[in-house]
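One gets my numbering by counting positions in the sequence shown from 1 and adding 1206 to each. Idealized CB from N, CA, C, for every residue including glycine. What follows is a single structure, written as structure tokens, with notes after it.
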Amino acid sequence: MSLLRAIALLAALCGLVAAVGTSAAAPAAMWAGGDRHAWAVWAESERGRSGARLWHIPGDAPPGSLREGPDVGGVPRAMASYGSTVFMVFGAEEPGGGGAAGGEFRRVRRVEIDTLRAGVYGYSRPEALPPLPGDGALLGLAATGRGPVAMLGPGPGDEGGPRLLRLEAGSWQPLSLPPGLSSDGAARAGRGGGWRLIGLAGGVGIIEMGSSAAASGSRLWRWARPDDPASWESAPVAVAPGGAVLTAGDQIVRAVRPGDSALLLQLVRGDRAVDLREFGDVPPDAAVVGLGDRLAIVWREVRGPEAGARAGAAAGVKFRVRMITLGGTDLYDGPADLLPSVTFTESLTLALMAGSMVLGLGVLVVRPGLRGRDALGLPPGVSLAEPLRRMFAGSVDLLPGFLAASGVARAMGWDADASAAGVTPLLIVAGVTIAHSAIGEALAGVTMGKLLARCRTVRPDGARPRWWQAVGRNTVKILCPPLWLLVLMNPAAPQPGGFGTWVVVDDAAAGGAGRG
């Protein structure tokens, strides 16, 4: 008998350790759905590094579409989506050196999407939001038009019910709980009960699980008015403990796992649940998300190296998508249509490069300021400035722009993470350089760099450039760098980006240089 007791005790301890390890370990996948977009994150250790990537399921793309988003660093513990924004809450962490005191915290990140054109989307860099407290279990995350809402269980030693928090004005503010919500959910959680926060159309809902394995005793609390989080109404709901609860529009869906690869989807309609579809080939880490009035099931298929890699996916890993309506009709079942992501920075950089090329070609074709023969001659007493002198002057003219961009970067905190700045510093450098150079040449015929290089800009009659000439030539100089090659290849030729002006030096300063 003592041996049997020892074996039973050992089994109980192993079960307890496994349960604790499972609750503390990061999930293999997490997902969130909305009316227009759905999202999923999987751990990516197969890429040879630890991390996780956000995958986007667009609602306005053909069924089966899957887009690669930014790397979010790890799999979150909860996700919620509203409109074109997805929020992520990660596991509890201890504050590091120099961090604010106050115990554990949970990192919160936000990613926004921009539809660049049909089928092409840009994703913002994951933005850090004020962290959530780290004490108490994370019972769910929802998103509303006024920000994300999180539900935390009682902390260690706390008594009473859970806490409901909403991110407002840069901090997590408490929201009122339903007055009739039971406060013994923590005690019932060990028997499959407890609470769960879900997102509903226009607000949030709290599912109060019954203590039994059946759905009896479960209730749904939801905001009676979406704009009034203090108004609650409740009704029985057929949601039994266990499984995943998600929403598609305002329809509650329960995803149950009868087996390792089996998935049963149920529509919850008040106090009864209706079986929608059952699948027998869905792996445990599949994402089951609501996308408007549809349901999407996405999972990874690990195959041999011959499967290849598309859109940055790990070699040998492909994605499969199954999409159905809330009536159970199949919309798509097959390999995911993968395309790489285009970030805001990349799209803006490409646009600037394309614009520079178009502007350069336009200048070469139109050749502004070079329409008359008199525009080709130099005034007496001057010679063309040598290319090296002009390049030195142009380099000096860039310094104020670099100083301004550096100051803005320090003020905005971009020095700690240069990727957060995007192309903004380049735009600042270009704008400052064009502005001060055009003003200097229009008023005095020189810029800071030309003053140091002892050269100046003149029209064929020897006068300083007009305002339109000063603005035009400096805009082309900064926005069309390839045109600088024309100066090096043939310095004496009329420059198409000069707008009928020349950069010259006095004959005495030129040291007897030949006239062009």
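- Looking only at Arg1460, Arg1425 and Pro1385, the smallest Cα-Cα distance to Ala1436 is reached by Pro1385.
- Residue pairing by DSSP places Pro1666 opposite no residue, since no beta bridge is assigned to it.
- Across the structure, Ala1343 and Ile1458 are spaced so that their CA atoms are roughly 23 Å apart.
- Minimum Cα-Cα distance from Ala1641 among the listed residues Trp1674, Asp1543, Leu1322 and Thr1321 corresponds to Trp1674.
- Between Asp1481 and Leu1469, the CB-CB gap reaches or exceeds 9 Å.
- Note on geometry: alpha-carbon atoms of Trp1429 and Asp1277 lie some 34 Å from one another.
- Taking all protein chains in view, the Cβ of Thr1535 is surrounded by fewer than 16 other Cβ atoms within 10 Å, so the residue is classified as exposed.
- Nearest to Ala1454 by C-alpha distance, out of Leu1358, Thr1681 and Ala1286, is Ala1286.
- Per DSSP, the continuous alpha helix (DSSP H) segment holding Arg1616 begins and ends at Pro1593 to Met1618.
- Cβ neighbours of Tyr1288 within its own chain (closer than 7 Å, five residues either side excluded): Gly1240, Ala1349, Thr1350 and Gly1351.
- In the DSSP assignment, Ala1461 falls within the beta strand (DSSP E) that extends over Gln1457 to Val1462.
- For a cut-off of 8 Å, the C-beta gap from Ile1263 to Ala1610 is around 42 Å, too long to register as a contact.
- Judged by beta-carbon spacing, Ala1644 lies beyond the 9 Å limit of Gly1607, meaning their Cβ atoms are not closer than that value.
- Counting along the chain, no beta strand (DSSP E) covers Arg1679; the unbroken alpha helix (DSSP H) around it starts and ends at Trp1673 to Leu1685.
- If the five residues before and after Ile1634 are omitted, its C-beta is found closer than 8 Å to the C-beta atoms of Gly1607, Ala1610, Ala1611 and Val1614, all from its own chain and listed in chain order.
- Following the DSSP letters along the chain, one finds Leu1338 inside the beta strand (DSSP E) bounded by residues Glu1333 to Pro1339.
- Arg1283 sits close to Met1236, with the two beta carbons spaced by under 9 Å.
- Under DSSP, Arg1315 shares a beta bridge with Met1294 and Ala1334.
- If you ignore the 5 residues before and after Thr1681, its C-beta comes within less than 6 Å of the C-beta of Ile1640, all in its own chain and listed in chain order.
- Between Val1711 and Arg1679, the alpha-carbon positions lie close to 18 Å from each other.
- The shortest C-alpha to C-alpha distance from Leu1373 to any of Arg1596, Asp1456, Val1247 and Val1295 is the one to Val1295.
- Pro1264 sits in a strand when the DSSP states are folded into three classes.
- Put simply, the backbone Cα of Arg1672 is about 47 Å away from that of Val1317.
- Burial state of Met1529 is buried, judged by a 10 Å Cβ sphere holding 16 or more other Cβ atoms.
- Counted as a single uninterrupted DSSP element, the beta strand (DSSP E) harbouring Pro1380 occupies residues Ser1377 to Leu1381.
- Here DSSP, grouped into helix, strand and coil, assigns Glu1647 to helix.
- Between Gly1367 and Ser1382, the gap from beta carbon to beta carbon reaches 9 Å or more.
- With a threshold of 16 other beta carbon atoms within 10 Å, Arg1595 meets it and is buried.
- Separation of the CB atoms of Val1314 and Pro1337 is rounded to 6 Å, and the pair is thereby assigned contact status at 8 Å.
- Ranked by Cα distance from Leu1689, the options Pro1593, Leu1649 and Arg1660 are led by Pro1593.
- By the C-beta density criterion, Glu1484 is exposed, having fewer than 16 other C-beta atoms within 10 angstroms.
- Assignment of Gly1409 by DSSP, reduced to helix, strand and coil, places it in the strand class.
- With a beta-carbon spacing of about 5 Å, Asp1603 and Thr1653 fall inside the 8 Å limit used to define contacts.
- Residue pairing of Ser1271 in beta bridges, as defined by DSSP: Asp1543.
- According to DSSP, Pro1442 shares a beta bridge with Arg1425.
- Assigned with DSSP and collapsed to three states, Val1635 falls in helix.
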